[in-house]
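To start, the structure itself, in structure tokens.
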DNA sequence: CACATTTATGCAACATTGATGCATAAATAT
DNA sequence: ATATTTATGCATCAATGTTGCATAAATGTG
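What follows is the structure in structure tokens.
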């Protein structure tokens, strides 16, 4: 998981001015243990019923606000979330990578080293953010 | 909207082997009258309560299956739908355009003439579909 | 055109997902 | 160790999506 280890979880939280609570630590651990994006329902499955549904919603929202995680668009109901790279902060995201959703295993991962290509918009349109989601078959399922 | 006029709605349905019903005609009209993507709740607002919520769900699913509409991923809960171009069919989609979501007016539109650029995936990944959603400010809101 | 058959619709009921207010519990600051 | 701030859990509610089944509408056939 790059330079983010469990040992540094408390540092991450402190860096974002968030108090260290069991829920937050556990949710960050789940992110780090999974090698893909998680949707809301994953947390209840993975962590059992160790914390309340509402707490999960609020924790994810807090992490989003602080730039610790980012959301990934889907065509189904659920929103997926993944950890941001270490150089993201509250008002400064650099998640210029694409997302890959495997049609076999259902997993969604961040392809951190695949850059988003330049997109030539028609005259009059200003782009602030570009989301790219590629679906297909991943390395493992091939 | 292109070459799809209201007069051809029944032709579209017949071409997809769908029976002509009030609901289907009305929903297709709503798609043609709007110059953007519609989400589920739009239909109840636009059409009043002329048909049941369940019917809308099932109709949209049918249109998706038949390749009449396509879905557009979002990071909020709602899924948006837009008409496919005329050269799409049940097993053969050609929607290689990008989507633009305006942060001002909230509207999502298909930029039919903006091609999706080549994306260079890491070794071992096979792409079947690429979704690009650009958010920013549209021509009208600028 | 009338009738049989197929298909779509509407209703009821339910499941899932997400949001809010408030009292309590836990974490931080002093 | 205690006061203050913040997060959590519970109850409740709202919105969204699903399923089964009876009825209604559309199509196919004589």
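Protein chains in written order, with this note's numbering: chain W, -11 to 130; chain E, -11 to 130. Quick reminder that beta carbons are idealized off the backbone N, C-alpha and C, glycines included. Note that this is a predicted model, so its numbers are computed, not measured.
The continuous beta strand (DSSP E) containing residue 57(E) extends over residues 57 to 60. Pairing residue 69(W) with residue 1(W) gives a Cβ-Cβ distance that is not under 9 Å.
For residue 118(E), the uninterrupted beta strand (DSSP E) segment begins and ends at 114 to 125. Here DSSP, grouped into helix, strand and coil, assigns residue 11(E) to helix.
Neighbours of residue 62(W) in chain E, taken as residues whose beta carbon is under 7 Å from its own, are 61 in chain order.
Taking 9 Å as the cut-off, the beta carbon of residue 89(W) is found no closer than this to the beta carbon of residue 120(W). With 16 or more other Cβ atoms inside 10 Å of its own Cβ, residue 54(W) counts as buried.
Around the beta carbon of residue 65(E), a 10 Å sphere encloses fewer than 16 other beta carbons of the protein chains shown; the residue is thus reported as exposed.
The alpha-carbon of residue 52(E) is positioned some 30 Å away from that of residue 114(W).
For residue 47(W), the three-state secondary structure derived from DSSP is helix. The continuous stretches of alpha helix (DSSP H) do not include residue 101(E), which lies in the beta strand (DSSP E) extending over residues 96 to 103.
In this structure residue 91(E) is not in contact with residue 84(W), their Cβ atoms being roughly 18 Å apart against a cut-off of 8 Å.
Counting the other Cβ atoms within 10 Å of the Cβ of residue 44(W) gives 16 or more, which makes it buried. By the neighbour-count criterion, in which 16 or more other beta carbons inside 10 Å mark a residue as buried, residue 96(W) falls on the buried side.
Along the region 105 to 122 of chain W, going in chain order, the ones with a CB nearer than 8 Å to a CB of chain E are 105, 106, 107, 108, 109, 110, 111, 112, 113, 114, 115, 116, 117, 118, 119, 120, 121, 122. Taking a beta-carbon distance threshold of 9 Å, residue 72(E) does not count as an interface residue toward chain W. Membership of residue 31(W) in the alpha helix (DSSP H) is indicated by the continuous run 28 to 35. Distance between residue 102(E) and residue 46(W), taken at the CA atoms: about 38 Å.
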